[in-house]
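Have a look at the structure below before the remarks.
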């Protein structure tokens, strides 16, 4: 029985629909478990072994390169494209780099069709907003460049969940519950909890000096997200729930058909784990 992270939500029976820990990512690509769309992308697996055993976590690395128009997608078709009513999505990732000039962003999401940009029902995005130039001091002078970069933030379906995730690399754990409003049980909405922490440990790098000095260590970065549909329930280090409606409301659909990872502009992200749960 799955405990909802929203105390007002209806509790339903769930099953593990899809799981990826990226220890065999290259084999999964060859087997067609994942499809790649886009020309400006590099994908590779990193699995610590031999002398590197214990240094960092197994992960898939996605690097997108290009201008603002560049994008690349990694897609998995749920139930052979038949789709399923996904009730929970969990993900763990480390964002290492995100370029402001190319409006870089990285999104974990679900879509009801292959055109994931237009058919998304869930889009959890890491992005760094490009700061606006300052107005010129005198008429005719060019706009002044901003003095500081805007911090990297987290959005869910266009709503800002966190406006500052801290310094990169940053570890982000996500736990999103999807409520489909079945049987008149309310509106379709997403309830997201997240937790953040330094990402160095997951990449096999020394922790930042301030974390070591404080005795706090790496926090959530030290271990993978628990393999359970109730990972966020009752955890003090997780955020408060962020509630937002499904991303697309103008089209009728009953299932999520595609789980996707999407990079735009220039970004470098390490994927640690993904899970999808669906109702029975």
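In the UniProt record's numbering, the protein residues as written are 1 to 280. The C-beta atom is built at its ideal place from N, Cα and C for all residues, glycine as well. These numbers were taken from a predicted model, which means no experiment stands behind them.
Residue range of the unbroken beta strand (DSSP E) whose run includes residue 91: Taking the chain shown and counting its residues from 1, the one referred to as residue 91 is at position 91. Going by DSSP, residue 91 is part of the beta strand (DSSP E) stretching over 86–98.
message: Given this structure, state the Cα-to-Cα distance separating residue 113 from residue 119, to the nearest angstrom.
response: One-based indexing of the chain shown puts residue 113 at position 113. One-based indexing of the chain shown puts residue 119 at position 119. Straight-line Cα distance between these residues: approximately 6 Å.
Outcome for residue 264 when other beta-carbon atoms lying within 10 angstroms are tallied against a minimum of 16: As a working note, residue 264 is residue 264 in the chain shown. The Cβ neighbour count for residue 264, taken over all protein chains shown within 10 Å, is at least 16; the residue is labelled buried.
- prompt: What whole-angstrom Cβ distance do residue 170 and residue 94 have, given they're in contact under 8 Å?
  reply: Translated into positions along the chain shown, residue 170 becomes position 170. Translated into positions along the chain shown, residue 94 becomes position 94. Contact holds; Cβ gap of about 7 Å.
- prompt: Going by C-alpha distance, which of 88, 46 and 124 is nearest residue 105?
  reply: Here residue 105 is taken as the residue at index 105 of the chain shown, counted from 1. When only C-alpha atoms are compared, the closest one is 124.
- request: Tell me whether residue 58 sits in a helix, a strand or coil according to DSSP, three-state version.
  value: By 1-based counting over the chain shown, the position of residue 58 is 58. The answer is coil: DSSP assigns residue 58 none of H, G, I, E or B.
DSSP three-state assignment for residue 18, whether helix, strand or coil: As a position in the chain shown, residue 18 is number 18, starting the count at 1. Residue 18 falls in the strand class under three-state DSSP.
Segment limits, alpha helix (DSSP H) that includes residue 28: Against the chain shown, residue 28 aligns to sequence position 28. Per DSSP, residue 28 belongs to the alpha helix (DSSP H) from 25–31.
- prompt: Given a threshold of 16 other Cβ atoms within 10 Å of its Cβ, counted over all protein chains shown, does residue 281 qualify as buried or as exposed?
  reply: An answer regarding residue 281 cannot be provided, because it is not within the stretch 1 to 280 covered by the chain.
- prompt: Applying the criterion that 16 or more other CB atoms from any shown protein chain within 10 Å of the CB defines a buried residue, is residue 252 buried or exposed?
  reply: The residue you call residue 252 lines up with position 252 of the chain shown. Flag for residue 252 reads exposed.
query: If we count the other Cβ atoms within 10 Å of its Cβ and call it buried at 16 or more, is residue 59 buried or exposed?
result: Within the chain shown, residue 59 is the residue found at index 59, counting from 1. Buried, by the Cβ-count rule.
Closest Cα partner of residue 192 within the set 243, 172, 76 and 182: Numbered from 1 along the chain shown, position 192 holds the residue referred to as residue 192. Checked all of 243, 172, 76 and 182; the closest Cα to residue 192 is 243.
- prompt: Looking at residue 268 and residue 63, is the spacing between their C-beta atoms short of 9 Å?
  reply: The residue given as residue 63 occupies position 63 in the chain shown. The residue given as residue 268 occupies position 268 in the chain shown. A contact, by the Cβ cut-off of 9 Å.
- request: Using 10 angstroms around the beta-carbon of residue 194, count the other beta-carbons present and answer buried if the total reaches 16, otherwise exposed.
  value: Position 194 of the chain shown, counting from 1, holds the residue named residue 194. Its Cβ being crowded by 16 or more others within 10 Å, residue 194 is buried.
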